[in-house]
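Comments concern the structure below.
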Amino acid sequence: MRPSVLIPVLVALPFLASGCGKKRSPVEPPPAVQYDLQVRWLGAPPQASTQAAFSKAVARIKSIVVGGLTPVIVPGGFNVAECDSTLGGHADLAEETVAGLVIYASIESIDGQGGVLGSAGPCLVRDQNRFKPALGIMRLDAADLAAFATQDRLDALILHEMLHVIGFGTIWTDNTLLSGDGTDDARFTGTRARLACATVHGGATACATSVPVHSLDGPGSAYAHWRESVFTNELMTPFLNSGLVPLSEMSIRSLADIGYVVDIDAAEDYRLQAALVAAREPGAASVAEPPLALPAPQRPKFTVSDDGRILPIRHTRSIE
Ligand SMILES: [Zn+2]
Numbered sequence: 580m581r582p583s584v585l586i587p588v589l590v591a592l593p594f595l596a597s598g599c600g601k602k603r604s605p606v607e608p609p610p611a612v613q614y615d616l617q618v619r620w621l622g623a624p625p626q627a628s629t630q631a632a633f634s635k636a637v638a639r640i641k642s643i644v645v646g647g648l649t650p651v652i653v654p655g656g657f658n659v660a661e662c663d664s665t666l667g668g669h670a671d672l673a674e675e676t677v678a679g680l681v682i683y684a685s686i687e688s689i690d691g692q693g694g695v696l697g698s699a700g701p702c703l704v705r706d707q708n709r710f711k712p713a714l715g716i717m718r719l720d721a722a723d724l725a726a727f728a729t730q731d732r733l734d735a736l737i738l739h740e741m742l743h744v745i746g747f748g749t750i751w752t753d754n755t756l757l758s759g760d761g762t763d764d765a766r767f768t769g770t771r772a773r774l775a776c777a778t779v780h781g782g783a784t785a786c787a788t789s790v791p792v793h794s795l796d797g798p799g800s801a802y803a804h805w806r807e808s809v810f811t812n813e814l815m816t817p818f819l820n821s822g823l824v825p826l827s828e829m830s831i832r833s834l835a836d837i838g839y840v841v842d843i844d845a846a847e848d849y850r851l852q853a854a855l856v857a858a859r860e861p862g863a864a865s866v867a868e869p870p871l872a873l874p875a876p877q878r879p880k881f882t883v884s885d886d887g888r889i890l891p892i893r894h895t896r897s898i899e
């Protein structure tokens, strides 16, 4: 990914200011352009534990994604109900320039504890920058969030969902990085993620050619996550295990495969074999407590251009 269009302007400034043609050193790093990620509540802000989980997820993702994107205009009059028809009754948005991603989050009463946990995903994606999201939605059931046993588990859920909104599993097909879509053996073909799986996480066999993608359990779980039977407690499998749910280097490098500038230091320790053994051990936490099926991620609905033109996306195959 190329950093934002702001870069040439910023780089040019020293030349203009000095007026003597003084050159930057070739080893001098480019000016930092940070990924701009914002969450805005639709309706009343949720309880403190949920707000804390969102704040932590934003901080975590900003430690992972370290480069800027092309600013786009979200035109006035756009309504979040166009992203998710259940989000009716909110005012139209005012026109604004979005440098990174704005997530509109609604913590609402859906169907009480159990049942539907919610949904999340990008809605407006750039028509450049390899379809990186500009506006996304997270809609979660307040009763389910209130029932989470620990803050760590709630934090993991929110981070998992927010990663879908920035593009994990939701813009793979748009970036032609998913093979076997619709089959029982889908694969993520990004080279960086595959290499991390094979060389860092002990997946030399599992990831010999590509990364196994979950292909079961219907729309939502399938084709948008790492394969549960291979990666078990990794954060970006479709089921949230109890115990540790590390965000692996493989997941972070998959964001680089869709063009984000990432910092690998943000990855957590993760090994395929250790995860499998822990999951199968009698009495293991993940056996004693069935993993939680996470909400279905939503594919983007529209592209938006830098000057604010919105066009619907027609998906030939959908995870929705
Ligand atoms: Zn998910």
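Residue 585 in the working numbering sits at position 6 of the sequence shown, and the numbers go up by one each step. All C-beta atoms in this analysis are idealised placements derived from N, C-alpha and C, irrespective of residue type, glycine included.
Residues passing the C-beta test against ligand 1 heavy atoms, cut-off 6 Å: Counting every residue whose Cβ lies closer than 6 Å to a heavy atom of ligand 1, we get His739, His743, His804, Pro817, Leu873, Pro876.
Helix, strand or coil at Thr729 [DSSP, three-state]: Residue state, collapsed to three classes: coil.
Whole-angstrom C-beta distance between Pro874 and Ala631, which should lie under 8 Å: Contact between Ala631 and Pro874 does not hold, since the beta-carbon distance rounds to 20 Å and is not under 8 Å.
Classification of Pro610 by the beta-carbon crowding that lies within 10 angstroms, buried from 16 upward: With a pLDDT of 46 at Pro610, under the threshold of 50, the modelled position of this residue cannot be trusted, and the question is left open.
Residues near Val809 by beta carbon distance below 6 Å, same chain, minus five either side: So the list reads Ala785, Pro791, once near-sequence residues are dropped.
Pro712 classed as buried or exposed, judged by whether at least 16 other C-beta atoms fall within 10 angstroms: Classification of Pro712: buried, given that the 10 Å Cβ count is 16 or more.
Distance CB(Ala721)-CB(Leu819) smaller than 8 Å: No.
Start and end residues, alpha helix (DSSP H) containing Gln630: Taken as a continuous stretch (DSSP letters only), the alpha helix (DSSP H) holding Gln630 covers 627-643.
Exposed unless 16 or more other CB atoms sit within 10 angstroms - verdict on Ala872: Looking at its Cβ environment, which holds fewer than 16 other Cβ atoms inside 10 Å, Ala872 is exposed.
Bridge partners - Leu672, DSSP secondary structure assignment: Its beta-bridge partners do not exist; DSSP assigns none.
Buried/exposed call for Arg888, threshold 16 Cβ in 10 Å: The Cβ neighbour count for Arg888, taken over all protein chains shown within 10 Å, is under 16; the residue is labelled exposed.
For Arg581, the three-state DSSP class (helix, strand or coil): Reliability of the predicted coordinates at Arg581 is poor, the pLDDT of 42 falling under 50, and the value obtained from them is presented with this limitation in mind. Here Arg581 carries a coil assignment [DSSP, helix/strand/coil].
Buried/exposed call for Pro624, threshold 16 Cβ in 10 Å: Burial call: exposed.
Val809 - containing beta strand (DSSP E), residue span: Note, Val809: premise wrong, no beta strand (DSSP E); alpha helix (DSSP H) at 807-810.
Given Leu826 as reference, the closest of Gly667, Ala636, Thr676, Asn708 once Cα atoms are compared: Looking at the Cα atoms, Ala636 is the closest of the given residues.
Thr629 and Leu733 closer than 8 Å at C-beta: Yes, they are a contact pair.
Phe710 (DSSP reduced to helix, strand or coil): Here Phe710 sits in helix by DSSP.
Three-state class that DSSP yields for Cys702 in the structure shown: Strand, per DSSP.
Nearest neighbour of Gly748, chosen from Met829, Val695, Ala660, His804 [CA to CA]: The shortest C-alpha separation from Gly748 is found at His804.
CA-to-CA distance, Leu823 to Ala864, given in whole angstroms: Annotation note: pLDDT 47 at Ala864 (below 50); position unreliable, no value reported.
Pairwise C-alpha distance: Pro891 and Val612: Their backbone Cα atoms lie some 29 Å apart in a straight line.
Beta-carbon spacing of Gln852, Gly797 below 8 Å: Not a contact, by the Cβ cut-off of 8 Å.
4 or more residues per run - each alpha helix (DSSP H) lying fully within the region 771-808: The region 771-808 contains no whole alpha helix (DSSP H) run of 4 or more residues.
Nonlocal neighbours in the same chain, by C-beta distance under 8 Å from Ala530, ignoring five residues either side: Examination of residue 530 is not possible in this model, given that the chain is present from 580 through 899 alone.
Where Glu813 sits in the DSSP three-state scheme: Looking at Glu813 - three-state DSSP - the assignment turns out to be coil, as it is neither helix nor strand.
Three-state class that DSSP yields for Ser830 in the structure shown: If DSSP states are grouped into helix, strand and coil, Ser830 belongs with the helices.
Rounded separation between Glu807 and His793 - CA only: In this model, Glu807 and His793 are separated by some 6 Å (Cα to Cα).
Element boundaries [beta strand (DSSP E), containing Trp620]: It spans 616-620 - the beta strand (DSSP E) in which Trp620 sits, taken as one unbroken run.
Buried or exposed by the 16-neighbour rule on C-beta atoms within 10 Å, applied to Gly746: With 16 or more Cβ atoms within 10 Å of its Cβ, Gly746 is classed as buried.
CB contact flag (Val903, Val644, <8 Å): In this structure the chain extends from 580 to 899, so residue 903 is not present and cannot be described.
Nearest neighbour of Arg771, chosen from Gly655, Arg832, Ala777, Asp723 [CA to CA]: The alpha carbon of Arg771 has as its nearest neighbour, out of Gly655, Arg832, Ala777, Asp723, the alpha carbon of Arg832.
Residue span of the beta strand (DSSP E) that contains Tyr849, given as start and end: Where Tyr849 is concerned, there is no enclosing beta strand (DSSP E), because DSSP gives it neither an H nor an E.
Residue span of the beta strand (DSSP E) that contains Ile889, given as start and end: Per DSSP, the unbroken beta strand (DSSP E) holding Ile889 starts and ends at 889-891.
Assigned exposure category for Ala728 - 16 Cβ within 10 Å defines buried: Counting every other CB atom within 10 Å of its CB across the protein chains shown gives Ala728 a total below 16, marking it as exposed.
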